[in-house]
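Notes for the one structure printed next.
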Amino acid sequence: MNSLISDDTNKHSNEFVIEVKNLYKTYKLGTETITALNGVSLGIVPGEMVAITGPSGSGKSTLMHIIGGLDRPTSGDVLVLGKNISRLNQRQLAQYRNTTIGFVFQSFYLQPTLSAIDNVKLPLVFTKKNVDRTAVAKDVLGKLGLLDRLKNKPSELSGGQRQRVAIARAIVNNPKVILADEPTGNLDSKTGKGVIELLRNLNKTEGVTIIIVTHDMSVAELCDRTIKMRDGQIIND
Ligand SMILES: Nc1ncnc2c1ncn2[C@@H]1O[C@H](COP(=O)(O)OP(=O)(O)OP(=O)(O)O)[C@@H](O)[C@H]1O
Ligand SMILES: [Mg+2]
1 MNSLISDDTN KHSNEFVIEV KNLYKTYKLG TETITALNGV SLGIVPGEMV
51 AITGPSGSGK STLMHIIGGL DRPTSGDVLV LGKNISRLNQ RQLAQYRNTT
101 IGFVFQSFYL QPTLSAIDNV KLPLVFTKKN VDRTAVAKDV LGKLGLLDRL
151 KNKPSELSGG QRQRVAIARA IVNNPKVILA DEPTGNLDSK TGKGVIELLR
201 NLNKTEGVTI IIVTHDMSVA ELCDRTIKMR DGQIIND
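Residue 183 in UniProt numbering sits at position 183 of the sequence shown, with consecutive numbering throughout.
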């Protein structure tokens, strides 16, 4: 059932897990047009861990949101495992976001009223109907060293613990791709390093493809490749 995208894994011929082709995104604010992405193309191979850097406003988050199916481009294509995600209908797109992609954000975006374990169980509601969701969520939280914090609400956790819960939620459906938008932006450098090492470990052991937006050069150095953006374009890859 985890197969909306992976069904086609064997059918597409290119070597990329993510292929972005000539992507444009413009926003209209009154009479002003803002070009957030100005012709971005890139390919990412399976198992790569890629950093995206660039000044504020250069289009990094916009690119991540479009790759993750949270936003639509003005023009251009995003192929994930050979499938053009702009051709997916609403239901398929929701399934894509829930099963193929794991998102990690700077501000965690956990449900404040739910405990750690209930936050991690949320993505399982639609995908794992006949399994013990508590056991699955507990297993993932255990791997991230949070077995003693299962019942804590986000407000009862440290920043680093919150981000680990957010990572547990992002990986609980075994996504092929993790998109992390400044995942260490709200953490001190030591805690941030722990979060990145955790992602690196997932990348190495499970072969998950990871894209991390970061301002931190020490984070970028831990990645296989760094893509630099400016003014909605890639200026260095
Ligand atoms: N919903 C929106 N409406 C209008 N303009 C937007 C919208 N979202 C983003 N923009 C603009 O698009 C450009 C790119 O924004 P984006 O959030 O992708 O930058 P970023 O590289 O992630 O920056 P930061 O490092 O500050 O997070 C910016 O000029 C921003 O103001
Ligand atoms: Mg951003």
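Just so you know, even glycine gets a beta-carbon here, dropped at the ideal spot from N, CA and C. Keep in mind that this is a model prediction, so the values were computed, not measured.
Once you ignore the five residues that flank residue i on each side, which residues in its own chain have a CB closer than 8 angstroms to its CB?
| i | result |
| --- | --- |
| residue 8 | Caution applies to residue 8, whose pLDDT of 46 falls short of 50 and renders its modelled position unreliable; the model cannot decide the point. |
| residue 175 | 99, 100, 101, 102 and 208 |
| residue 10 | Per-residue confidence for residue 10 stands at a pLDDT of 45, beneath the threshold of 50, marking its modelled position as unreliable; the derived number appears in the next sentence. Cβ neighbours of residue 10 beyond the five flanking positions: none. |
| residue 146 | 116, 161, 164, 165 and 168 |
| residue 65 | 71 |
Closer than 7 angstroms by C-beta to residue i: which residues in its own chain qualify, once you throw out the five before and the five after it? Chain order, please.
| i | result |
| --- | --- |
| residue 239 | Here the chain has residues from 1 to 237 only, and residue 239 is not among them. |
| residue 60 | 52, 54, 213 and 229 |
| residue 136 | 124, 128 and 172 |
| residue 1 | Because the pLDDT of residue 1 is 43, which lies under 50, any placement of that residue in the model is unreliable, and the question is left without a value. |
| residue 110 | 119, 154, 162, 165 and 166 |
| residue 270 | Any property of residue 270 remains undetermined from this structure, which presents the chain solely from 1 to 237. |
Identify the continuous alpha helix (DSSP H) that holds residue i and give its terminal residues.
| i | result |
| --- | --- |
| residue 20 | First-last for residue 20: 18–29, but that is the beta strand (DSSP E), not the alpha helix (DSSP H). |
| residue 221 | 217–221 |
| residue 61 | 60–67 |
Kindly give me the distance between the Cβ atoms of residue i and residue j, rounded to whole angstroms, as I take these residues to be in contact under 8 angstroms.
| i | j | result |
| --- | --- | --- |
| residue 54 | residue 229 | 4 angstroms |
| residue 161 | residue 149 | 6 angstroms |
| residue 226 | residue 51 | 5 angstroms |
| residue 121 | residue 113 | About 14 angstroms; that fails the 8 angstroms criterion. |
| residue 138 | residue 167 | Contact doesn't hold; Cβ gap of about 15 angstroms is too wide. |
| residue 198 | residue 157 | Actually they do not touch by this definition, with Cβ atoms about 15 angstroms apart. |
| residue 32 | residue 79 | Actually they are not in contact, since the Cβ atoms of residue 32 and residue 79 sit about 31 angstroms apart, beyond 8 angstroms. |
| residue 38 | residue 233 | 5 angstroms |
| residue 17 | residue 177 | 7 angstroms |
In its own chain, which residues sit with a C-beta less than 6 angstroms from the C-beta of residue i, not counting the 5 before and 5 after it?
| i | result |
| --- | --- |
| residue 185 | 106 |
| residue 173 | 99, 123 and 127 |
| residue 236 | 228 |
| residue 74 | 24, 25 and 26 |
| residue 104 | 166, 167, 170, 180 and 183 |
| residue 203 | 49 and 210 |
| residue 187 | 159 and 160 |
| residue 151 | 115 |
| residue 35 | 26 and 232 |
| residue 216 | none |
Residue range of the beta strand (DSSP E) that residue i falls in?
| i | result |
| --- | --- |
| residue 41 | 32–44 |
On the DSSP bridge assignment, give the partners of residue i in chain order.
| i | result |
| --- | --- |
| residue 51 | 212 and 226 |
| residue 236 | 228 |
Indicate whether at least one CB of chain E lies closer than 8 angstroms to the CB of residue i.
| i | result |
| --- | --- |
| residue 189 | Looking for chain E here will not work: only one protein chain is present. |
Which runs of the alpha helix (DSSP H), 4 residues or longer, sit entirely within the segment 75–158?
-> As far as the segment 75–158 is concerned, its whole alpha helix (DSSP H) runs of at least 4 residues are 90–99, 116–121 and 133–143.
Which residue spans inside the segment 153–196 form an unbroken beta strand (DSSP E) run of at least 3?
-> 177–181
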